[in-house]
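Undergrad: In this note's numbering, the protein residues as written are 326 to 524. For each residue, glycine too, the CB sits at the ideal point set by N, CA and C. Owing to the predicted nature of the structure, the values given are computational and were not obtained by experimental measurement.
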Ligand SMILES: N[C@@H](CCC(=O)N[C@@H](CS)C(=O)NCC(=O)O)C(=O)O
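1) Closest by CA to residue 359, which one among 343, 344, 331 and 347?
2) According to DSSP, is residue 405 part of a helix, a strand, or is it coil?
3) Using a Cβ distance threshold of 8 angstroms, determine whether the stretch 341-350 contacts the stretch 505-515, with at least three qualifying pairs required.
4) What residue range does the alpha helix (DSSP H) around residue 416 cover?
5) Does chain C have any CB closer than 8 angstroms to the CB of residue 486?
6) In the DSSP assignment, what residue or residues form a beta bridge with residue 391?
7) What does DSSP give as the partner residues of residue 328 in its beta bridges?
8) For residue 477, which residues of its own chain have a beta-carbon under 6 angstroms away from its beta-carbon, when the five flanking residues on both sides are left out?
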């Protein structure tokens, strides 16, 4: 049984979507979080045993804990291949899959945070400019239905939720983003995840 540490309408909502896609048994443990708009309250210190940063999502599988959305996607898709949502080593698109997951954690998140906070006035080091990052994400979606081409994968859960959140603010409005979001959110697992989002 997988435990998902979750706060409604947060980055952990997409892990519910992934778990629903994979069709695995899981339970949700709700965690308080302090939200960007000042609402909510911090998780209790006891939650630091799960995530020392007190953030969601996190998962516990037996005695193993995984934090960070991209790492959770990789861990779950590598270990649940009955529904293949992430190519394994030696399979087509493995490199692209791993690259997009790490790109999210290493470039998208820090660049978006830097822009939100106004820290990226000088040339950003380490992760690159938000415009270049957005351009790199937009490119495959202009040509193919999903991030890895014709196959839906967990990368689409990560990027679909990110595009939905940033479109019209940090990311520009693009017709192919609208088409992509319509495609991925039409999936039954997405609807099920919405229904479970409050726990
Ligand atoms: N890099 C993390 C970010 C996680 C994160 O920032 N989660 C927010 C919710 S959307 C959170 O838990 N915030 C509470 C806090 O920062 O105290 C990931 O991708 O999983």
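TA: Taking the geometry as given:
1) 331
2) coil
3) yes
4) Residue 416 -> no alpha helix (DSSP H), and no H or E assigned at all.
5) Looking for chain C here will not work: only one protein chain is present.
6) 384
7) 352 and 385
8) 471
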